Structures are given as C-alpha cells and as structure tokens.
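Engineer: Take a look at the following structure, please.
Residue numbers (UniProt numbering): 1 to 103.
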C-alpha cells in the first residue's frame with residue numbers, strides 16, 4: 001500500500017469507526033504504516049560556517065589576526081571616549097568635558 005493509499009484508508013477507517021477507538025492490534029498496524037509514510041528529517045540548526053581546519057596553532061592565530069584586520073573598520077577604537085555621533089560632536093550631557101547627570 002502506498003502512503004497515499006494508506007492515508008485514504010485511514011480517513012475511511014476513521015469515518016466508519018465513528019466514536020469507537022481502534023483496538024491495540026489496529027493501533028500497531030496504523031503505527032507501522034505511518035512509519036513507512038513519514039520520514040523524520042530534522043532541519044539543520046544554526047548557520048553552517050565553512051572553516052579550514054589546522055592543527056598548527058600559529059597558523060590558526062595568523063588566520064584569526066587577518067580576519068580581525070578585515071573587520072577593523074567596523075570596530076570602535078579603544079579611545080572612542082567620549083562617545084560621539086557621526087558629526088564628531090560629543091553629546092549634550094558632556095558639554096565642557098564634564099558629565100552632567102540629572103535625576
């Protein structure tokens with residue numbers, strides 16, 4: 001019996017049985033047929049990253065440094081204090097080089 005034929009059979013069985021539940025033998029048969037109809041596939045989780053592996057620690061560190069250098073324009077420099085927006089002007093609460101906090 002094909003999966004489609006089994007599903008039609010199951011639908012008819014459910015309609016004709018009414019409120020009478022299947023017997024334990026019928027449940028066993030239904031489970032066996034369902035196992036042939038459905039193939040459990042777990043979707044991939046997370047993002048697949050293609051990384052070249054190496055056992056050489058020095059080579060791995062060199063690769064890491066190069067990747068950090070590529071990302072350098074997106075990082076904030078360590079001396080980015082005081083915070084400034086795209087105009088380079090410090091925020092209003094830092095006027096005169098003093099921090100003013102009002103509660």
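Positions of the beta carbon are idealized from the N, C-alpha and C atoms, including for glycine. Please read these numbers as outputs of a predicted model, since none were measured by experiment.
#1: Using only the alpha-carbon positions, how far apart do residue 13 and residue 54 sit?
#2: From residue 7 to residue 27, what does the alpha carbon distance come to, in whole angstroms?
#3: With respect to the alpha helix (DSSP H) encompassing residue 52, which residues constitute its N-terminal and C-terminal limits?
#4: In terms of residue numbering, what span does the alpha helix (DSSP H) encompassing residue 13 cover?
Structural biologist: In terms of the structure at hand:
#1: 59 Å
#2: 14 Å
#3: Segment: none, residue 52 is in no alpha helix (DSSP H) and carries neither H nor E.
#4: 3 to 17
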